[in-house]
Amino acid sequence: MLARLRQLAAHEVGHTLGLQHNFAASTTNRASVMDYPAPLVKLGTDGLPDISDAYAKGIGEWDKVAIIYGYQDFPAGTDEGSALDKILGEAFKRGLVYLTDQDARPASASSSVAHLWDNGANVIDGLAQVMKVRAVALQRFGENNIREGAPMATLEDVLVPLYMYHRYQVEAAAKLIGGEDYTFSLRGKGDRNPQIIAPDEQKRALFAVLDTLKPENLALPESVLRLIPPRPPGYARTREDFRIRTFPTFDALAPAEASSFMRAMRSIRVLTMCSISFSPRRGKRRCDPAIKVKYSAQ
Ligand SMILES: [Zn+2]
Numbered sequence: 012m013l014a015r016l017r018q019l020a021a022h023e024v025g026h027t028l029g030l031q032h033n034f035a036a037s038t039t040n041r042a043s044v045m046d047y048p049a050p051l052v053k054l055g056t057d058g059l060p061d062i063s064d065a066y067a068k069g070i071g072e073w074d075k076v077a078i079i080y081g082y083q084d085f086p087a088g089t090d091e092g093s094a095l096d097k098i099l100g101e102a103f104k105r106g107l108v109y110l111t112d113q114d115a116r117p118a119s120a121s122s123s124v125a126h127l128w129d130n131g132a133n134v135i136d137g138l139a140q141v142m143k144v145r146a147v148a149l150q151r152f153g154e155n156n157i158r159e160g161a162p163m164a165t166l167e168d169v170l171v172p173l174y175m176y177h178r179y180q181v182e183a184a185a186k187l188i189g190g191e192d193y194t195f196s197l198r199g200k201g202d203r204n205p206q207i208i209a210p211d212e213q214k215r216a217l218f219a220v221l222d223t224l225k226p227e228n229l230a231l232p233e234s235v236l237r238l239i240p241p242r243p244p245g246y247a248r249t250r251e252d253f254r255i256r257t258f259p260t261f262d263a264l265a266p267a268e269a270s271s272f273m274r275a276m277r278s279i280r281v282l283t284m285c286s287i288s289f290s291p292r293r294g295k296r297r298c299d300p301a302i303k304v305k306y307s308a309q
């Protein structure tokens with residue numbers, strides 16, 4: 012918790028110094044406190060979730076570049092324009108990337124690296140890791156997740172963020188389907204033109220997203236379902252709980268519905284782009300025939 016607050020404090024100080032979000036930073040070794048950090052949870056050698064490296068410590072490589080760019084004093088006679096170009100040019104050569112809100116937030120965002128609350132140099136690999144951690148954590152979920160004496164119904168309140176732990180990483184992976192790799196390239200600077208994500212990588216993203224819809228990834232363990240009674244007075248449901256259709260009983264299907272609705276929307280976006288409502292020309296360009304594959308459980 013303190014590690015998260017430390018990161019948040021640095022983030023807000025960054026804004027006061029004039030920095031914008033850099034939502035591509037998590038794909039380059041957590042290079043900025045100006046990204047939104049998802050807790051990086053690994054599985055330890057004992058197979059249990061390990062949160063010892065959940066949040067990065069200190070400011071990132073991109074933050075140093077951004078502050079030097081904004082605040083560096085140059086000796087008299089320095090060509091400031093060229094000096095500033097050099098600072099950024101060297102940073103981009105080192106593999107750092109800068110993309111911000113407009114590249115990450117829209118549902119139609121297409122960048123392969125600008126995402127909120129994601130982890131990993133490759134977000135598809137990051138999703139595989141997240142699903143493994145989630146599965147272990149769900150198997151271990153039980154009454155120990157709430158304080159002694161708390162209503163058992165409030166288990167749902169702590170189940171929601173765990174069950175939906177993969178949601179942002181799924182969004183990130185889904186953006187690679189029909190996505191592109193781009194920077195704010197400048198004329199005459201040798202910057203790369205935008206690249207459409209390779210068909211094989213788009214396919215891998217598609218399968219990874221569809222895997223999250225497999226029954227074993229949607230169903231709650233029977234042991235969890237048996238634990239959650241209706242809520243007592245004074246513990247009203249909030250928008251942070253699942254949207255149930257069986258009030259007052261906990262709805263065993265509501266979590267699966269919440270999880271799959273988001274994915275379905277993404278998939279629909281892709282299918283639509285590839286077929287009818289989008290410009291057919293752009294749809295053709297963005298959706299190589301090679302990615303039109305029939306999905307089968309792997
Ligand atoms: Zn911010």
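Every position in the sequence shown, counted from 1, becomes a number in our numbering once 11 is added.
Backbone N, C-alpha and C define an ideal beta-carbon position, used for all residues, glycine too.
These numbers were taken from a predicted model, which means no experiment stands behind them.
Residue i CB to nearest heavy atom of ligand 1 below 8 Å
{"i": "residue 126", "result": "no"}
{"i": "residue 142", "result": "no"}
{"i": "residue 177", "result": "no"}
{"i": "residue 273", "result": "no"}
{"i": "residue 212", "result": "no"}
{"i": "residue 23", "result": "yes"}
{"i": "residue 12", "result": "no"}
{"i": "residue 163", "result": "no"}
Residue i (DSSP reduced to helix, strand or coil)
{"i": "residue 99", "result": "helix"}
{"i": "residue 208", "result": "coil"}
{"i": "residue 51", "result": "coil"}
{"i": "residue 266", "result": "helix"}
{"i": "residue 28", "result": "coil"}
{"i": "residue 61", "result": "strand"}
{"i": "residue 191", "result": "strand"}
{"i": "residue 119", "result": "coil"}
{"i": "residue 239", "result": "coil"}
{"i": "residue 159", "result": "coil"}
{"i": "residue 91", "result": "helix"}
{"i": "residue 228", "result": "helix"}
{"i": "residue 251", "result": "coil"}
{"i": "residue 287", "result": "Per-residue confidence for residue 287 stands at a pLDDT of 36, beneath the threshold of 50, marking its modelled position as unreliable; the derived number appears in the next sentence. Residue 287 falls in the coil class under three-state DSSP."}
{"i": "residue 129", "result": "coil"}
{"i": "residue 218", "result": "helix"}
{"i": "residue 86", "result": "coil"}
{"i": "residue 273", "result": "helix"}
{"i": "residue 177", "result": "coil"}
Presumed contact (8 Å Cβ cut-off) between residue i and residue j, rounded CB distance
{"i": "residue 135", "j": "residue 219", "result": "5 Å"}
{"i": "residue 71", "j": "residue 122", "result": "Actually they are not in contact, since the Cβ atoms of residue 71 and residue 122 sit about 19 Å apart, beyond 8 Å."}
{"i": "residue 111", "j": "residue 32", "result": "5 Å"}
Straight-line Cα distance separating residue j from residue i
{"i": "residue 195", "j": "residue 222", "result": "33 Å"}
{"i": "residue 150", "j": "residue 174", "result": "11 Å"}
{"i": "residue 87", "j": "residue 96", "result": "17 Å"}
{"i": "residue 138", "j": "residue 249", "result": "28 Å"}
{"i": "residue 22", "j": "residue 45", "result": "5 Å"}
{"i": "residue 238", "j": "residue 167", "result": "10 Å"}
{"i": "residue 203", "j": "residue 42", "result": "21 Å"}
{"i": "residue 252", "j": "residue 199", "result": "52 Å"}
{"i": "residue 55", "j": "residue 163", "result": "29 Å"}
{"i": "residue 61", "j": "residue 84", "result": "43 Å"}
Burial state of residue i (16 or more Cβ within 10 Å)
{"i": "residue 260", "result": "exposed"}
{"i": "residue 145", "result": "buried"}
{"i": "residue 234", "result": "exposed"}
{"i": "residue 208", "result": "buried"}
Residue i at chain B interface by Cβ criterion, 9 Å
{"i": "residue 130", "result": "Among the chains in the structure shown there is no chain B, since it carries only a single protein chain."}
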